[in-house]
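Numbering (full-length UniProt numbering), first residue to last: 1 to 418.
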Amino acid sequence: MRASTTFSVLFWIYAKRAKSNQTNIYVRITVNGKKSNISLKQIVDVNAWDAKNQKMKGSGAASRKLNLELARIKSDIHRCYQDLKQELRLPSAELVKARYLGEDKRIYTLRDIFEYHNQTMAHKLSKGTMGKFETTQKYVFVYVTEKYKTSDMYLKNLDYKFIIGFESLLGSYRSRPSQGEISNNVAMKHIQRLKKLVTLAYHLEWIDRNPFVKFKLKFEKKEREFLSKDELQRVLGFNSTIGRLIVVKDLFIFSCYTGLSYIDIIELSSDNIVIGIDGNQWIMTARTKTKIPVKIPLLPKANDLIKKYKSHARTQNSGKLMPKISNQKLNSYLKEIADSCGLKKNLTFHMARHTFATTVTLSNGVPIETVSKLLGHTRIATTQIYARVIERKVSEDMNKLRSVIKDRDLKIKSNEIN
């Protein structure tokens with residue numbers, strides 16, 4: 001709802017359309033400059049109409065009767081406007097008109113679809129995914145407030161221009177570092193989530209058209225960063241007297257050797273350790289993000305960490321296999337570890353999952369179909385991204401080797417000439 005709204009009711013006649021000097025009286029409802037007219041089906045003589053005072057001239061019985069009717073109509077329209085405001089709806093000229101004519105039906109807003117989604121999907125989506133929708137909601141209403149000077153908008157008023165404007169606002173955060181930089185792909189994710197909600201509103205028949213039909217999401221292709229064998233060894237060798245850094249390092253390494261995300265790791269308990277088809281210990285769980293079950297043979301380094309924390313105070317209190325660290329501080333602690341290890345890469349926890357897919361499994365000859373199952377991917381194409389990353393790494397390494405061989409051959413040739 002706007003912080004301040006303008007509202008007016010005006011009675012008028014269309015003198016140019018008069019027949020035999022007789023014409024209809026209209027009432028014009030105006031809200032924030034937007035107008036809507038209603039024909040009152042009341043006939044008046046053009047010469048008997050007082051345009052300045054918006055009433056019929058004279059004091060005769062006919063004039064008094066018509067003017068009382070106009071006063072009643074004006075009062076009713078004002079009441080409709082006030083009722084809509086009290087209902088915390090966004091009064092528009094069309095909505096006030098619909099309410100007055102008894103044609104008022106629920107006109108849904110952005111807040112309505114966010115609330116509907118959040119209520120119906122809370123038990124279906126992970127806490128992390130719901131948090132992302134809440135962040136998208138925050139940015140949508142920052143945009144609505146900044147651009148439209150209102151706290152909500154009717155879904156039927158969303159158009160292509162609205163989407164482009166929202167994209168522009170998200171892009172502007174690149175020049176607002178104090179408010180948190182938003183990359184192109186993160187911006188596209190926010191728009192993708194908004195698109196999902198607006199499309200949901202369309203399928204619910206809350207709107208007659210979907211403004212996203214012609215909008216194309218523009219994701220930039222990004223390489224999946226992972227640790228090489230040497231870099232992984234450096235993290236494995238990291239030591240510190242600061243307990244929180246050791247815990248974070250161990251959680252990261254556990255992910256490198258299981259492929260599990262942080263949220264999946266901290267939910268593991270002894271119930272998730274089972275004896276597999278080969279007689280060895282396996283982790284059996286379901287990914288929090290997708291609910292897809294995964295079965296992962298327990299590699300020695302991951303098993304060593306489970307044994308290490310078996311008697312840890314935090315795991316004994318929680319009943320979990322690994323200790324929990326604040327997710328918000330996780331990546332900042334990893335940055336400290338990366339700096340200490342001399343790593344140039346931006347070390348994030350999700351990089352551990354990428355490292356499992358590349359350095360730990362694919363690079364050691366594990367078939368891509370197996371890796372796909374271990375990661376809980378539903379499509380082999382998702383896993384093939386890692387295979388292409390390895391191919392490019394092999395290509396880069398071979399090009400470096402060619403350069404070394406070429407330099408060596410040139411040096412040998414130069415020595416032979418001399």
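All C-beta atoms, glycine included, are put in the ideal place defined by N, C-alpha and C.
- Within 10 angstroms of the beta-carbon of Ala313 lie fewer than 16 other beta-carbons, which makes it exposed.
- Residue Phe11 holds the alpha-carbon nearest to the alpha-carbon of Leu40 among Leu410, Thr120 and Phe11.
- Linking Leu321 to Gly365 through their CA atoms gives a straight-line distance of about 29 angstroms.
- Classified as exposed, Asp230 has fewer than 16 neighbouring CB atoms from the shown chains inside 10 Å of its CB.
- Within the region 246 to 290, complete alpha helix (DSSP H) segments of at least 4 residues are found at 262 to 265, given in chain order.
- Closest in alpha carbon position to Gln22, among Ile13, His190 and Thr30, is Ile13.
- Per DSSP, Asn210 is not a residue of any alpha helix (DSSP H), being assigned neither H nor E.
- Judged by DSSP in its simplified three-state form, Asn399 adopts helix.
- Val27 is classed as buried because its beta carbon has at least 16 other beta carbons within 10 Å across all chains shown.
- A direct Cα-to-Cα measurement between Ile380 and Ile368 gives close to 8 angstroms.
- If you draw a straight line from the Cα of Thr150 to the Cα of Leu110, it is about 12 angstroms long.
- DSSP places Asp159 outside both helix and strand once states are collapsed to three, so it counts as coil.
- Judged by their CB atoms, Lys156 and Ile113 are not nearer to each other than the 9 angstroms cut-off.
- In the DSSP annotation of this structure, Leu227 is not part of any beta strand (DSSP E), being labelled neither H nor E.
- If you look at Val96, you'll find it in the alpha helix (DSSP H) that goes Ala93 to Leu101.
- By the CB criterion at 9 angstroms, Asn37 and Lys55 fall outside the cutoff.
- The continuous stretches of beta strand (DSSP E) do not include Gln54, and DSSP gives it neither H nor E.
- Counting along the chain, the unbroken alpha helix (DSSP H) around Tyr202 starts and ends at Asn184 to His203.
- Contact between the region 86 to 103 and the region 162 to 173 is absent: fewer than 3 CB-CB pairs across the two stretches fall below 8 angstroms.
- Taking all protein chains shown into account, Lys214 has fewer than 16 neighbouring C-beta atoms within 10 Å of its C-beta and is therefore exposed.
- Burial of Ile25 is indicated by the presence of at least 16 other C-beta atoms within 10 angstroms of its C-beta.
- Taking C-beta separations shorter than 7 angstroms and ignoring five residues to either side along the sequence, the partners of Ala201 in its chain run Tyr108, Ile113, Leu155 and Ile207, following chain order.
- Taken through DSSP and simplified to helix, strand or coil, Pro293 comes out as strand.
- With fewer than 16 other Cβ atoms inside 10 Å of its own Cβ, Lys127 counts as exposed.
- Distance between Lys373 and Glu167, taken at the CA atoms: about 36 angstroms.
- Burial state of His117 is buried, judged by a 10 Å Cβ sphere holding 16 or more other Cβ atoms.
- Taking a contact to require three or more Cβ pairs closer than 8 angstroms, the region 323 to 330 and the region 292 to 299 do not qualify as touching.
- Judged by DSSP secondary structure, Ile73 falls within the alpha helix (DSSP H) whose first and last residues are Ala61 to Gln86.
- Taking a cut-off of 8 angstroms on C-beta distances, the region 220 to 229 touches the region 345 to 357, as three or more cross pairs fall below it.
- Residue range Ala313 to Ser318 is occupied by the alpha helix (DSSP H) that includes Arg314.
- Nearest to Glu134 by C-alpha distance, out of Val394, Lys161, Lys189 and Asn184, is Lys189.
- Using a Cβ-Cβ distance cut-off of 8 angstroms, the region 354 to 361 and the region 250 to 270 are in contact, since at least three pairs of beta carbons, one from each stretch, lie closer than that value.
- In the DSSP annotation of this structure, Ser326 is not part of any alpha helix (DSSP H), being labelled neither H nor E.
- Per the DSSP secondary-structure output, Asn37 pairs in a beta bridge with Arg28.
- With contacts defined by Cβ atoms closer than 9 angstroms, Phe238 and Leu245 form a contacting pair.
- CA-CA distance, Ile266 to Val394, rounds to 34 angstroms.
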